[in-house]
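Notes follow once the structure below has been shown.
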Amino acid sequence: MRGCRSCTSAVVAFALATAPADAQDFGEVQAAVEAGDYAAARTLAERVAEPIESARALVWVDYGARDYVGAALAARAGLELAPEDAWLAERAAAAALAQRDGDAAATALEALDRAVRALPAPERGVWKTSADLYRRTADELVALERSGARARTLARTTVLALLGAAVLAVGWGLRRADSAHLEQP
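One point on numbering: in my numbering, the residue at position 35 of the sequence shown is 1526, and numbering is uninterrupted.
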C-alpha cells in the first residue's frame, strides 16, 4: 500500500484536470470546496439542475470534505444515470480505495473499464492509466482483507479450542474430586 501514498498528489492532479468544468454551477461548487466552505458547496451542488452534473458536484464536495462514503454514494447514484461516465466511475473507485474497501473498488473499476471502452480511442489512455493504478491498489487491499479474515478465523478457532480444553479440564477435575470425595470413609 506504500505505493498508493506516493501517488496521491498525482491522482488528485488527475482528478482536478479531468473534472467536468463545462457547467458554471460546477465551477461555483469547485470554488466553494477549494475555499473549504463545504456547507455552501453542498448547497450549490444540490441546486445543480442537471442530475448527472449534480451527482458530479456532490462527489466533488464529499470527496473534498473527505467524506468518502458520501462521495462513493453520490458517484454510484450518478453512474446509475450515466453508466459510461468515466469521471464518476473513477471517483467511485477513488472513494472506495480511500475507505479501504477492496470489493467496492473492484466494482467501481469494472464500471470504469466499461466507461473507458465507450470512450473514443484517443481519450482512453489517461483513464486506463488511472484504472491500472487503482486496480493494483485494490488487488493489494483485497489480499490484505483476505489475510485478515484468515487470521480472524484462526484466532476464533484457537479460542474455541482453548475454551473446549478448559471445559474438559474443569469437568475432569470436578469428576475426579467427586470420585475422591465418594471414596473417603
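Just so it is clear, CB atoms sit at the ideal spot from N, CA and C, and this is done for glycine as well. The structure presented is a predicted model; accordingly, all values stated were derived computationally and were not measured.
For this session: Please state whether DSSP places Val-1552 in a helix, a strand or coil.
Result: Per DSSP, reduced to three states, the secondary structure at Val-1552 is helical.
Problem set entry | Opening and closing residue of the alpha helix (DSSP H) in which Val-1539 lies | Per DSSP, Val-1539 lies in no alpha helix (DSSP H) segment and is marked neither H nor E.
Problem set entry | Rounded C-alpha distance that separates Glu-1537 from Ala-1523 | Cα to Cα, Glu-1537 sits roughly 13 Å from Ala-1523.
For this session: Pair every Cβ in the region 1523-1535 with every Cβ in the region 1562-1573, then say whether three or more of these pairs are closer than 8 Å.
Result: Contact fails: fewer than three Cβ-Cβ distances are below 8 Å.
Exercise. How would you label Leu-1588, buried or exposed, when you count the other beta carbons within 10 angstroms and need 16 or more for buried?
Worked result: That one is buried.
Exercise. Hey, does Pro-1542 have any beta-carbon neighbour from chain B nearer than 8 Å?
Worked result: This model lacks chain B altogether; it includes just one protein chain.
Exercise. Quick one: what does DSSP say Cys-1498 is sitting in, helix, strand or coil?
Worked result: For Cys-1498, the predicted structure reports a pLDDT of 46, less than 50, and the residue's modelled location is therefore unreliable. The matter cannot be settled from this model.
Exercise. Which of helix, strand or coil does DSSP assign to Asp-1623?
Worked result: Asp-1623 falls in the helix class under three-state DSSP.
Exercise. Which residue comes first and which comes last in the alpha helix (DSSP H) that contains Asp-1594?
Worked result: Counting along the chain, the alpha helix (DSSP H) containing Asp-1594 begins and ends at 1593-1609.
For this session: Give the C-beta separation of Gly-1662 and Val-1633 to the nearest angstrom, bearing in mind that I take them to be a contact with Cβ-Cβ under 8 Å.
Result: Gly-1662 to Val-1633, Cβ: 43 Å. No contact.
For this session: Take Ala-1602 as the anchor and find which of Ala-1530, Ala-1573, Trp-1551 and Glu-1544 has the nearest alpha-carbon.
Result: Here the closest residue by C-alpha is Ala-1573.
Problem set entry | Nearest neighbour of Asp-1553, chosen from Ala-1585, Ala-1577 and Asp-1576 [CA to CA] | The shortest C-alpha separation from Asp-1553 is found at Ala-1585.
Exercise. Under a three-way DSSP split, which group does Gly-1527 fall into?
Worked result: Coil, per DSSP.
Exercise. Is the beta carbon of Leu-1600 sitting closer than 8 Å to the one on Ala-1646?
Worked result: Contact flag unset, no.
For this session: On a CA-only basis, which of Arg-1627, Pro-1611, Val-1617 and Trp-1551 is nearest Asp-1528? Give me that one, please.
Result: Shortest Cα-Cα distance from Asp-1528 to any of Arg-1627, Pro-1611, Val-1617 and Trp-1551 involves Trp-1551.
Problem set entry | Assumed close pair Ala-1577, Leu-1610 - CB separation to whole angstroms, cut-off 8 Å | With 8 Å as the limit, Ala-1577 and Leu-1610 qualify as a contact, their Cβ atoms being about 6 Å apart.
Exercise. Skipping 5 residues on each side, what residues in its chain have a beta carbon closer than 7 Å to that of Leu-1659?
Worked result: Answer for Leu-1659: no residue qualifies.
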